[in-house]
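Heads up, the sequence shown is in our numbering, so the first residue is 45 and it goes up one at a time.
Below: the structure, in structure tokens.
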Amino acid sequence: MPRHFCHEQPETLTLPTRVLDARPGAVVLEQTPFYPGGGGQLADRGVLRWSGGEVAVSGFEADGGRFWHQLASPVEIAGAVEAVVDPDFRAMMMELHTGTHVLNALVYQQFQGALVTGAQLNDDASARMDFDLPEADNDRLRALEGQLNDVVRQDLPLRYVYVPLAEATAVHGLIRSRSVAPPPGDDGTIRIVEIVGLDRQACGGTHLASTGRSRPLRIVKIDNKGRHNRRVKIALG
Ligand SMILES: [Zn+2]
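In structure tokens:
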């Protein structure tokens, strides 16, 4: 899979581009600012504008390294288009996603390297993470809320490197999740996101530029999901 445009230019949410392939109600674009979803992060929302009007983008379908943008009506589009990502939705996903990394880092460090078994961001400014934590004390997990907000206050920057997959799998803890590890790119590398001074892990999602751009985080619920799994729900604000 080629590197996502949204990884290289995360600030560009409106992009003039053109249609490479089309069928009624779906297009492949030459370049796209949309994040197509994955790793627990919801796909971007937004619209395509072209000479015939405007249509909402309702979803994405991967097809051999390309992404079909599914459209809300069965229009047929060709030629030049403007792809427009909903900035508020993207901003909320970045904020939530960054929050899940901070939670994940604290759990990993303080609960013997516990791995993630699932993650899901929601469109109501909440997210859940499942951890493989057979013996965990839920009160200790709940007490992480103060530390989450310490990390927000410290305003730690985020940065990215691409490392070969074999190298990434050799470093314990770099691939943190058992279920949502990102696929390697065409060049065989995997994207590592670092919260400087706190955490490094493989991830293909979108994040804030620094932790201080997040609203405060709350731990709203902890559920035992089976003998091994703890489900921690966080929310913004
Ligand atoms: Zn991430």
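Don't be surprised by glycine CBs; every beta carbon is placed ideally from N, CA and C.
In its chain, beyond the 5 residues on either side, Pro80 and Phe104 have a beta carbon closer than 6 Å to the beta carbon of phenylalanine 111. Taking all protein chains shown into account, glutamate 120 has fewer than 16 neighbouring C-beta atoms within 10 Å of its C-beta and is therefore exposed.
Straight across, the Cα-Cα distance linking aspartate 231 with histidine 216 is about 22 Å. Annotated as proximal: serine 102 and glutamine 114, with beta-carbon spacing under 7 Å. Within the DSSP bridge table, the entry for glycine 103 names Gln114 as partners. DSSP places glutamine 75 outside both helix and strand once states are collapsed to three, so it counts as coil. Counting C-beta pairs with one atom in each stretch, the segment 172-183 and the segment 245-252 have fewer than three that are closer than 8 Å, which means they do not touch. For glutamine 191, the enclosing alpha helix (DSSP H) has its first and last residue at 188-198.
Following the DSSP letters along the chain, one finds phenylalanine 133 inside the alpha helix (DSSP H) bounded by residues 131-154. Where threonine 213 is concerned, the enclosing alpha helix (DSSP H) starts and stops at 209-214. Counting only the Cα atoms, aspartate 199 lies some 22 Å from phenylalanine 133. With at least 16 other beta carbons inside 10 angstroms of its own, serine 221 counts as buried. Taking a C-beta distance under 7 Å as the contact criterion, isoleucine 266 and asparagine 182 qualify as a contact pair. When Cβ pairs closer than 8 Å are counted between the two stretches, the segment 64-76 is seen not to touch the segment 144-159, the count staying below three. In the displayed model, aspartate 267 falls within a strand according to three-state DSSP. DSSP places arginine 275 in the strand class (E or B) of the three-state scheme.
Taking arginine 62 as the centre and dropping the five residues before and after it, the same chain places the C-beta of Leu73, Glu74, Gly123, Ala124 and Val125 closer than 8 Å to its C-beta, in chain order. Comparing C-alpha distances from glycine 108 to each of Ala127, Gly96 and Pro227 shows the shortest one belongs to Pro227. Distance from the Cα of proline 260 is smallest, within the candidate group Trp94, Asp130 and Thr144, for Thr144. Residue burial annotation: serine 95 is exposed, with fewer than 16 other C-beta atoms found within 10 angstroms of its C-beta.
Taken through DSSP and simplified to helix, strand or coil, glycine 256 comes out as helix. In this structure, the C-beta of cysteine 247 approaches ligand 1 to less than 6 Å from one of its heavy atoms. Contact between leucine 185 and valine 91 fails: their C-beta atoms lie close to 40 Å from each other, not under 8 Å.
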